[in-house]
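Written below as structure tokens is the structure these notes are about.
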Amino acid sequence: DKEIYKLTYYRSSTQKLFNHMDFWLPQLTPILKKFDIPDDFKYLVVIESGLQNATSNRNAKGFWQFRKAAAEANGLIVNKEIDQRYDPTASTIAACKYLKALYKNLGSWVNVAAAYNMGLSGFKNQQRNQHKKSYFQLNLNAETGNYVYKMVALKNIDTHRKKYRYRYKRQQSPVKYKNIIIDSTITDLSYLAKQYKVTVDTIKKVNPWILSNSITY
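The end of the sequence shown is residue 597 by this note's numbering, with every number in the run present.
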């Protein structure tokens, strides 16, 4: 109830959140489905970052809020030129791998959501210290203690937008783009931009994971 109240009280920020969801989730949920991740985990990524390439005070970055070590452990490239934590597609694939590993260890998707927030070792320590297994039986820190309820509240309002007087999902115009394969080092993105008759700014907006003006192959 508390989480539903917060989402409905701050209406403008919640509507903005829904706008981001309407644009991004149709692109990300097929990836979750491909990896057999429950559909409800689309709300986890919304809670993590608001579907924006945010940076936390612990230097976790991107939609799924990966720290550098976890990102690299799950197959993402992170260096001075490229940071795939900022790539919504690549980071979602990495998140799916991590979520499946958590499920293999914990055997409960609810526990997986909590462990994603506080870390596997921290969650298992609490299980061991409190002699309880279920998230709902554990006394956790405030952020993790509210985490699953935030997911449930967001799902409830998203599923019943009319009831909560939010706009229906908007039809998004498809983004037109071209995939290109990089098979050699690019010393200056301006040459690539000139070749495809776009600007460097456009390339970086479409590919926020490109940090520098060069890409080493």
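Note that the Cβ used here is the ideal one computed from N, Cα and C, for glycine as well.
Per-residue DSSP class, three states only, for residue i
i, result
"V578", "coil"
"I561", "coil"
"K441", "strand"
"D419", "helix"
"T469", "helix"
Element boundaries [alpha helix (DSSP H), containing residue i]
i, result
"H400", "391-414"
"D538", "522-539"
"N454", "No alpha helix (DSSP H) holds N454; DSSP gives it neither H nor E."
"A434", "Note, A434: premise wrong, no alpha helix (DSSP H); not H, not E."
"F503", "500-510"
Exposure of residue i, with buried meaning 16 or more beta-carbon neighbours within 10 Å
i, result
"K422", "buried"
"T579", "exposed"
"A449", "exposed"
"S429", "buried"
"N454", "buried"
"Y548", "exposed"
Inter-residue CB distance, residue i and residue j (contact presumed, cutoff 8 Å)
i, j, result
"I537", "T388", "7 Å"
"A451", "R465", "5 Å"
"A494", "Y515", "5 Å"
"L486", "S471", "Incorrect: roughly 22 Å between the Cβ atoms, too far for contact."
"L520", "Q507", "Their Cβ separation, rounded to whole angstroms, is 10 Å, which puts L520 and Q507 out of contact at 8 Å."
Residue i Cβ short of 7 Å to the ligand FAD heavy atom set
i, result
"Y515", "No copy of the ligand FAD occurs in the structure displayed, which carries no ligand at all."
Contact under 8 Å by Cβ, residue i with residue j
i, j, result
"T565", "Y529", "no"
Contact with chain C by residue i, beta-carbon distance below 8 Å
i, result
"K556", "Looking for chain C here will not work: only one protein chain is present."
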